[in-house]
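Numbering (our numbering), first residue to last: -15 to 209.
Glycine residues also receive a C-beta, built at the ideal position from the N, C-alpha and C atoms.
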Amino acid sequence: MKKNFDAPPKDLKFINDLRDSSLDICPMCGAPRTSSLDHYLSKEYYPEYTVFSKNLVPACKCNSSKGKKVTGSIVALERILHPYYDDCLNDRLLSCLIEQAPALPVVSITIQTLPTDQPIDESIKFHVENIVKPSGLVKWLDTLWTRVWNSPSSVINTMPKGDVVTEAELRDAVIDQLDRVGRRYGSANNWESVFLHGVINSPGCIEWISSRHNYLVNNPLANDL
């Protein structure tokens, strides 16, 4: 089985097709990349599923961070979510809290799991803790915040680049971009959506960004100093 996975015969051409598929986001963690073909059930523990198509998921480095772990507490019904079978992954599960700490542009960003009415709520939390958070999302969000602070319109490209904006106008622009990003990636849990949802819902964040944008519009040489 392992040999057929590493060098698929003609009858298993779908394996190479999956490897070559260029997904815009990782279906396991929402990262803006894929780099490997993950066995949801480890081929070491479940060799019989080594070439089973539904066990093969294009993924990013969260593949290696997951390792062989699939379940947690059986009593709590904790398990890793499966992108082919768990429809809840189509719902918005993640956001972030962006807090000033201690002075802008420095912030503290915390991943938040949104409340759901899903019967597998504990599995969702388990998936976030064991797949999403270890994948580097917080570091990515920190970097994106720095880009926003340096040039808000370079990240929130639905807002005007050369005109001052009100907080209401900026909020509308972020909501518009959040909708566009979700439709572009076909997922509400891609990392950019996590950031934008956090911008909308974090107290004071819209005010911070609009103030920064308006300052840069009125002082175009500020970032060159």
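Straight-line Cα distance separating residue j from residue i
{"i": "Leu148", "j": "Pro136", "result": "What sits at residue 148 in the sequence shown is Val, not Leu. Distance between the alpha carbons of Val148 and Pro136: 12 angstroms."}
{"i": "Arg168", "j": "Ser138", "result": "18 angstroms"}
{"i": "Asn203", "j": "Ile193", "result": "15 angstroms"}
{"i": "Leu98", "j": "Lys109", "result": "9 angstroms"}
{"i": "Asp163", "j": "Ser177", "result": "8 angstroms"}
{"i": "Tyr68", "j": "Thr142", "result": "32 angstroms"}
{"i": "Asp75", "j": "Leu121", "result": "18 angstroms"}
{"i": "Trp133", "j": "Thr34", "result": "46 angstroms"}
{"i": "Thr18", "j": "Asn47", "result": "10 angstroms"}
{"i": "Leu125", "j": "Ser195", "result": "20 angstroms"}
{"i": "Leu40", "j": "Leu88", "result": "43 angstroms"}
{"i": "Thr100", "j": "Ile64", "result": "17 angstroms"}
{"i": "Val214", "j": "Leu73", "result": "What is shown of the chain runs -15 to 209, which leaves residue 214 out entirely."}
{"i": "Asp8", "j": "Ser20", "result": "13 angstroms"}
{"i": "Cys10", "j": "Lys117", "result": "13 angstroms"}
{"i": "Ile156", "j": "Ile184", "result": "Here residue 156 is Asp; the residue named in the question, Ile, does not match the sequence. Spanning the two alpha carbons is a distance of roughly 9 angstroms."}
{"i": "Arg131", "j": "Ser171", "result": "23 angstroms"}
{"i": "Cys80", "j": "Leu128", "result": "13 angstroms"}
{"i": "Leu209", "j": "Ser49", "result": "With a pLDDT of only 46 at Leu209, under the threshold of 50, the placement of this residue in the model should not be trusted; the figure read from the coordinates follows. The straight-line gap from Cα to Cα measures roughly 41 angstroms."}
Span of the alpha helix (DSSP H), counted from its first residue to its last, around residue i
{"i": "Pro136", "result": "136 to 139"}
{"i": "Ser48", "result": "46 to 50"}
{"i": "Tyr199", "result": "189 to 202"}
{"i": "Ile108", "result": "105 to 111"}
Segment limits, beta strand (DSSP E) that includes residue i
{"i": "Cys80", "result": "78 to 84"}
{"i": "Val183", "result": "Here Val183 belongs to no beta strand (DSSP E); instead the alpha helix (DSSP H) covers 175 to 185."}
{"i": "Ser92", "result": "91 to 97"}
{"i": "Asp22", "result": "20 to 23"}
Residues of its chain near residue i, where Cβ-Cβ distance is below 6 angstroms and the 5 sequence neighbours each way are ignored
{"i": "Gly14", "result": "Asn173, Asn174, Trp175"}
{"i": "Ile82", "result": "Val91, Ile93, Gly182, Ser186, Cys189"}
{"i": "Val201", "result": "Val148"}
{"i": "Met12", "result": "Ala43, Cys46, Ile115"}
Collapsed DSSP secondary structure at residue i in the structure displayed
{"i": "Val41", "result": "strand"}
{"i": "Thr34", "result": "coil"}
{"i": "Asp156", "result": "helix"}
{"i": "Arg168", "result": "helix"}
{"i": "Arg63", "result": "strand"}
{"i": "Phe(-11)", "result": "Summary for Phe(-11): the model assigns pLDDT 49, below 50, so the residue's position carries little reliability, and this model does not support an answer."}
{"i": "Thr127", "result": "helix"}
{"i": "Ala206", "result": "helix"}
Sequence-distant residues of the same chain with beta carbon closer than 8 angstroms to residue i, five excluded per side
{"i": "Pro(-7)", "result": "Note on Pro(-7): pLDDT 48, under 50, position unreliable in the model; the coordinate value appears next. So the list is empty, once near-sequence residues are dropped."}
{"i": "Glu191", "result": "Glu151"}
{"i": "Leu61", "result": "Ile104, Glu106, Ser107"}
Neighbourhood of residue i by C-beta, 7 angstroms cutoff - its chain only, sequence neighbours within 5 removed
{"i": "His66", "result": "Tyr24"}
{"i": "Tyr30", "result": "none"}
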